[in-house]
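Below you'll find the structure, written out as structure tokens, and then a few comments.
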Amino acid sequence: MAATDVARERRIRRLLELLREEKTDLMDTTESFGPDWFTDPDLARKERELIFGAVPTIVAHRSQLPRPNDFITLTMPRNKVILMRQKDGSVKAFVNACRHRGALLEEAPAGRCRIFSCGYHRWSYDPDGSLRTITYEDSFGEIDRSKYGLVELPVEERHGFIWLVDRAGASIDVADWLGPEMDSAMAGYGLDKLVNFREETFLEPVNWKIMQDAFLDGYHIKYAHPNTAGKIIHTNILAVEDFGRHARFLSARKTLDRWLEEDPTGKSLGKDVTESHFVGPNSTLLRLPDHFELLTFRPHETDPAQCYMQMRVLVPTVEDSGLDEEAWERRWNKNWDILLAVLHGEDFPLLRGSQRAVESADAAEMVIGRNEVVNQIFHREFHRLLKEPYRPSGRP
Ligand code: FES
Ligand SMILES: [Fe+2]
1 MAATDVARER
11 RIRRLLELLR
21 EEKTDLMDTT
31 ESFGPDWFTD
41 PDLARKEREL
51 IFGAVPTIVA
61 HRSQLPRPND
71 FITLTMPRNK
81 VILMRQKDGS
91 VKAFVNACRH
101 RGALLEEAPA
111 GRCRIFSCGY
121 HRWSYDPDGS
131 LRTITYEDSF
141 GEIDRSKYGL
151 VELPVEERHG
161 FIWLVDRAGA
171 SIDVADWLGP
181 EMDSAMAGYG
191 LDKLVNFREE
201 TFLEPVNWKI
211 MQDAFLDGYH
221 IKYAHPNTAG
231 KIIHTNILAV
241 EDFGRHARFL
251 SARKTLDRWL
261 EEDPTGKSLG
271 KDVTESHFVG
281 PNSTLLRLPD
291 HFELLTFRPH
301 ETDPAQCYMQ
311 MRVLVPTVED
321 SGLDEEAWER
331 RWNKNWDILL
341 AVLHGEDFPL
351 LRGSQRAVES
361 ADAAEMVIGR
371 NEVVNQIFHR
381 EFHRLLKEPY
391 RPSGRP
């Protein structure tokens, strides 16, 4: 067994011990927090600036931009963004706004083009963002073209993902942000060899932190999901590794129960767990026995009571899967449909209710338990980012 597999089996053995003793990892104390966490426009503004304007977050998987001139667009908390694969294989990110009078330059969610051409007065831009043509240039008047290229945002590819800091001129260093543990964990998963089978973004009337909290939570499984996840995964049993800004947490699938009495020495129990990751500040990465799922939560541009939730399923390529194309499609479509049904039928209704409830005029302080370890890590790191704004180490 490779060293990383040995370490993983050791983590699973620790989870099995927790399951045997009906225990879960614990923080030292409970933590309280106020409803303003989900409703305060001033806090929402601070988090857009100090968190999303400083920290790299995942915006795409590399397989979404396989060839030069492929692009996707998205809404970040501070900027409308275009991501564009360049001729040399790198990726650039731009503010999706024409430099003439500010039209939304690219309206399609994704596509492929040699130039960006503005629908308002037909200025055009090269894939590298430089201003290419000014229509009726003779009458327009002279301007310094080099000053009117698209505004560039810092972007980096690492571990198969494209990461972005949502602020022009900011520095980006994904390895620094991830820290050694999370960086090497992600490096070991071969995420760059997978393909983005499908992704969808939902605009939900819920604060992004209510959503992020729900997807770090091992305490609600059998109550909120009695007929789906609750049948497959144990409730309130998590083995957590606190990496500071990030965390990895193992939950026990019910198939792990067969080792309660028996000795698993020499056996691999990887299929009996879900290995989840809080990739701070706004994502949950799930490592399932045969694929990965990534859930990303982004604040709305202005309204604390809305967010964008992005779900994507990352799977082995048809060639690597050993399935024929049709079987591969069928397999992952089915998986996708199950995920959507749980999301729309179970999580979203519950979380929309939470938002409405915390907006009550007299909603009071709430509390996170010692057993809600990953939620505590999320809340702790959120506060830290507001108090000590992040900069990549070694940079001004
Ligand atoms: S706003 Fe784009 S060309 Fe005028
Ligand atoms: Fe849930």
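Quick note, the sequence shown lines up with residues 1 to 396 if you use UniProt numbering. The C-beta atom is built at its ideal place from N, Cα and C for all residues, glycine as well.
Cβ-heavy atom distance, residue i to ligand 1, below 7 Å
i	result
residue 121	yes
residue 103	yes
residue 100	yes
residue 118	yes
Residue burial classification, residue i (beta-carbon count within 10 angstroms, cutoff 16)
i	result
residue 1	exposed
residue 347	buried
residue 232	exposed
residue 293	buried
residue 113	exposed
residue 174	buried
residue 281	buried
residue 296	buried
residue 186	buried
residue 314	buried
residue 283	buried
residue 272	buried
residue 349	exposed
residue 109	exposed
residue 180	exposed
Cβ separation of residue i and residue j, assumed to be a contact under 8 Å, to the nearest whole Å
i	j	result
residue 61	residue 312	7 Å
residue 274	residue 288	6 Å
residue 199	residue 310	6 Å
residue 354	residue 210	5 Å
residue 127	residue 182	In fact, because the Cβ distance is near 32 Å, the residues do not count as touching under 8 Å.
residue 216	residue 308	With 8 Å as the limit, residue 216 and residue 308 do not qualify as a contact, their Cβ atoms being about 18 Å apart.
residue 70	residue 304	Not a contact, Cβ separation roughly 34 Å.
residue 229	residue 15	About 17 Å; that fails the 8 Å criterion.
residue 134	residue 56	Contact flag wrong, Cβ pair sits at about 34 Å.
residue 54	residue 168	With 8 Å as the limit, residue 54 and residue 168 do not qualify as a contact, their Cβ atoms being about 13 Å apart.
residue 12	residue 250	7 Å
residue 176	residue 375	At roughly 25 Å, the Cβ-Cβ gap does not stay under 8 Å, so residue 176 and residue 375 are not in contact.
C-beta contact flag for residue i and residue j at 8 Å
i	j	result
residue 159	residue 342	no
residue 92	residue 155	yes
residue 323	residue 331	yes
residue 192	residue 79	no
residue 238	residue 373	yes
residue 58	residue 279	yes
residue 352	residue 151	no
residue 371	residue 24	yes
residue 299	residue 97	no
residue 269	residue 277	no
residue 219	residue 201	no
residue 131	residue 145	yes
residue 148	residue 99	yes
residue 31	residue 368	yes
residue 256	residue 20	no
residue 76	residue 52	yes
residue 106	residue 116	yes
residue 240	residue 153	no
residue 245	residue 381	yes
residue 35	residue 358	yes
residue 398	residue 33	This structure gives no information on residue 398, because the portion of the chain shown stretches from 1 to 396.
residue 50	residue 264	no
residue 143	residue 242	no
residue 101	residue 120	yes
Heavy atom of ligand 3 within 7 Å of residue i beta-carbon
i	result
residue 187	Looking at this structure, you won't find ligand 3 anywhere; what it does contain is ligand 1 and ligand 2.
Near ligand 2, which residues have their beta-carbon closer than 6 Å to a heavy atom? 214, 220, 224, 225, 347
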